[in-house]
Amino acid sequence: TQVQPPVKEWSLADAERGNYQVILNLRTVQEHLLAAFKKFDESTASTLMASVLSIYTIEQACTDLIAPTMWQIGKMWEVGTITVSVEHFASGFFRGLLTNLLHVSPSSNAGPLVIVCCAPGEAHELAPLMLALFLRRAGIRVAYLGQSIEAAGLLQTIKQIAPTLICVSLSIPAYLATLIDLARQIQELPLPRPFFVFGGQVFVHYPHLIPQVPGIHLGGELKKSTAQLQRMIAERDSSKRSK
Ligand code: B12
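Note that my numbering has the sequence shown beginning at 192, numbered continuously upward.
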């Protein structure tokens with residue numbers, strides 16, 4: 192009978208040596224990523240993410256690793272166990288990774304267009320970047336417009352290119368008024384205007400604010416939101432074709 196080799200404990204030294212012959216547990220990877228970020232060690236962080244992406248899907252890596260790692264960093268930043276420099280380093284690292292993944296994912300020039308961006312004033316862009324990436328990987332045409340969208344410019348763009356959907360992210364309650372203002376201006380556009388979809392941390396912590404925004408709120412896992420958005424696009428597309 193063959194004796195199974197013992198499962199090797201995965202150490203940071205393995206990752207630093209670029210040893211991929213290990214079993215990747217995302218909780219362990221999160222700890223090692225945090226250790227790498229604390230040392231501003233980009234090369235180990237990149238090795239860790241390359242290993243993860245060779246085993247897990249991009250959606251799993253975002254949902255089960257990147258988001259929880261950033262939430263943990265937020266907690267550590269709040270209680271002062273890491274500096275703001277570490278937080279900036281980590282968010283810059285993931286922003287770069289997600290941007291690269293977005294640009295190497297095959298994109299289409301045809302079909303209904305979805306615009307994804309942050310609310311006016313809003314700088315937290317990892318979640319909308321993930322959403323843009325998930326949508327693109329689901330075969331949807333996406334334009335990602337980044338942090339703090341300028342409302343007047345966005346309205347002009349909507350008139351020019353007639354997107355089917357606008358997805359806006361909000362993390363900071365201070366920008367709720369600007370989000371409501373933008374949503375109202377979009378709802379006042381002549382038909383056919385795009386669906387206005389919004390989400391983000393503000394509505395997780397303060398769900399009573401959801402009815403104040405004239406639009407469709409999506410919460411929960413991004414993978415589920417992506418499927419809901421796909422259905423909305425398909426319905427609008429088929430009703431357009433039947434006219
Ligand atoms: C990284 C970070 C930053 C970075 C952002 C860099 C970047 N390029 O994105 C920088 C340094 C810019 C930053 C700045 C600030 N930040 Co900050 N930041 C964070 C941190 C640590 C992580 C954010 C993140 O990426 N999370 C991971 C993403 C993937 O998850 P998520 O945002 O929770 O989104 C999930 C859902 O809500 C959903 N979702 C989000 N948007 C949308 C949209 C749609 C359409 C859908 C369907 C779903 C969806 O998808 C995600 C997955 O489930 C958080 C801590 C935390 N708990 O998140 C603080 C945090 C959000 N920041 C905070 C604060 C206070 C600030 C500053 C005001 C600090 C300051 N004094 O300057 C500024 C504000 C800047 C601004 N104008 O917006 C507070 C907010 C508290 C509050 N309620 O007001 C937090 C919670 C930190 C804390 N614990 O105090 N920050």
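Note that CB positions come from ideal geometry on N, CA and C, so glycine has one too.
For residue i, the first and last residue of its enclosing beta strand (DSSP E)
| i | result |
| --- | --- |
| residue 360 | 356-360 |
| residue 334 | 332-335 |
9 Å Cβ cutoff met for residue i and residue j
| i | j | result |
| --- | --- | --- |
| residue 176 | residue 377 | Past the boundaries of the shown model lies residue 176; the chain is included only from 192 to 434, so the question cannot be answered. |
| residue 253 | residue 308 | no |
| residue 423 | residue 320 | no |
| residue 298 | residue 333 | yes |
| residue 217 | residue 227 | no |
| residue 312 | residue 369 | yes |
| residue 386 | residue 407 | yes |
| residue 261 | residue 277 | no |
| residue 435 | residue 392 | Coverage of the chain is limited to positions 192 through 434, which leaves residue 435 absent and any answer about it impossible. |
| residue 317 | residue 289 | yes |
| residue 229 | residue 273 | yes |
| residue 388 | residue 420 | yes |
| residue 431 | residue 381 | no |
| residue 340 | residue 365 | no |
Boundaries (first-last residue) of the alpha helix (DSSP H) holding residue i
| i | result |
| --- | --- |
| residue 384 | First-last for residue 384: undefined, no H or E at that position. |
| residue 244 | 233-246 |
| residue 398 | Note, residue 398: premise wrong, no alpha helix (DSSP H); not H, not E. |
| residue 226 | 217-229 |
| residue 351 | 342-352 |
| residue 263 | 258-270 |
Assumed close pair residue i, residue j - CB separation to whole angstroms, cut-off 8 Å
| i | j | result |
| --- | --- | --- |
| residue 375 | residue 354 | That belief does not hold up - the Cβ atoms of residue 375 and residue 354 are roughly 18 Å apart, past 8 Å. |
| residue 256 | residue 243 | 6 Å |
| residue 360 | residue 327 | The Cβ separation is near 16 Å, so there is no contact. |
| residue 325 | residue 414 | 7 Å |
| residue 177 | residue 373 | With the chain running from 192 to 434 in the structure shown, residue 177 is simply not present. |
| residue 314 | residue 338 | 5 Å |
| residue 352 | residue 322 | The pair is not a contact, with the Cβ atoms about 19 Å apart (cut-off 8 Å). |
Check: residue i C-beta below 8 Å from any heavy atom of the ligand B12
| i | result |
| --- | --- |
| residue 431 | no |
| residue 286 | yes |
| residue 338 | yes |
| residue 261 | yes |
| residue 220 | no |
| residue 251 | no |
| residue 364 | yes |
| residue 317 | yes |
| residue 281 | yes |
| residue 307 | yes |
| residue 321 | yes |
| residue 392 | yes |
| residue 360 | yes |
| residue 266 | yes |
| residue 396 | yes |
| residue 409 | yes |
Local conformation of residue i per DSSP, three classes
| i | result |
| --- | --- |
| residue 287 | helix |
| residue 307 | strand |
| residue 391 | coil |
| residue 407 | strand |
| residue 420 | helix |
| residue 363 | coil |
| residue 323 | helix |
| residue 377 | helix |
| residue 430 | helix |
| residue 425 | helix |
| residue 274 | coil |
| residue 250 | helix |
Check: residue i C-beta below 8 Å from any heavy atom of the ligand FAD
| i | result |
| --- | --- |
| residue 248 | By its list of ligands, the structure shown excludes the ligand FAD, since it contains just the ligand B12. |
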